[in-house]
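Data first, discussion second: the structure below is written as structure tokens.
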Ligand SMILES: [Zn+2]
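In our numbering, the protein residues as written are 135 to 239.
Next up, the structure:
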């Protein structure tokens, strides 16, 4: 999926930044990682506001917030959900465990 040229409104992260996260997806572990993420977060994830597509039908990608957010202690790691049909960033679900792990690095 190439989102780098999508020009729909940015809800959480600029599209080229989202593309970087997508490019880092490891196909070997992606399905298992997303299954786990959905198990943890799908119950509080929003559906697409435009087409009502449910969270588990959206595209999930793990995103680590930009370096400057970590310097100001506002960094977080979470799962961005994307509606491919509407080209929208629907929700960003912060994963506390991954955030704590990243903060220790
Ligand atoms: Zn949608």
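Ideal placement from N, C-alpha and C gives every residue a C-beta, glycine not left out.
Neighbourhood of residue i by C-beta, 7 Å cutoff - its chain only, sequence neighbours within 5 removed
{"i": "residue 142", "result": "221, 222"}
{"i": "residue 185", "result": "217, 219, 220"}
{"i": "residue 140", "result": "149, 221"}
Beta-carbon proximity of residue i to residue j, cut-off 7 Å
{"i": "residue 225", "j": "residue 215", "result": "yes"}
{"i": "residue 137", "j": "residue 158", "result": "no"}
{"i": "residue 306", "j": "residue 179", "result": "Lying outside 135 to 239, the shown extent of the chain, residue 306 is not represented and no answer is given."}
Assumed close pair residue i, residue j - CB separation to whole angstroms, cut-off 8 Å
{"i": "residue 171", "j": "residue 190", "result": "Residue 171 to residue 190, Cβ: 10 Å. No contact."}
{"i": "residue 145", "j": "residue 193", "result": "So it is not a contact: roughly 14 Å between Cβ atoms."}
{"i": "residue 212", "j": "residue 197", "result": "6 Å"}
Cβ neighbours of residue i in the same chain (closer than 6 Å, five flanking residues each side left out)
{"i": "residue 195", "result": "155, 156, 214"}
{"i": "residue 168", "result": "194"}
For residue i, the nearest candidate out of the options (CA to CA)
{"i": "residue 210", "options": "192, 188, 235, 139", "result": "235"}
{"i": "residue 204", "options": "238, 167, 149", "result": "238"}
What ranges does the beta strand (DSSP E) occupy inside the region 146 to 233, keeping only unbroken runs of at least 3 residues that lie completely in it?
193 to 198, 211 to 217, 222 to 228
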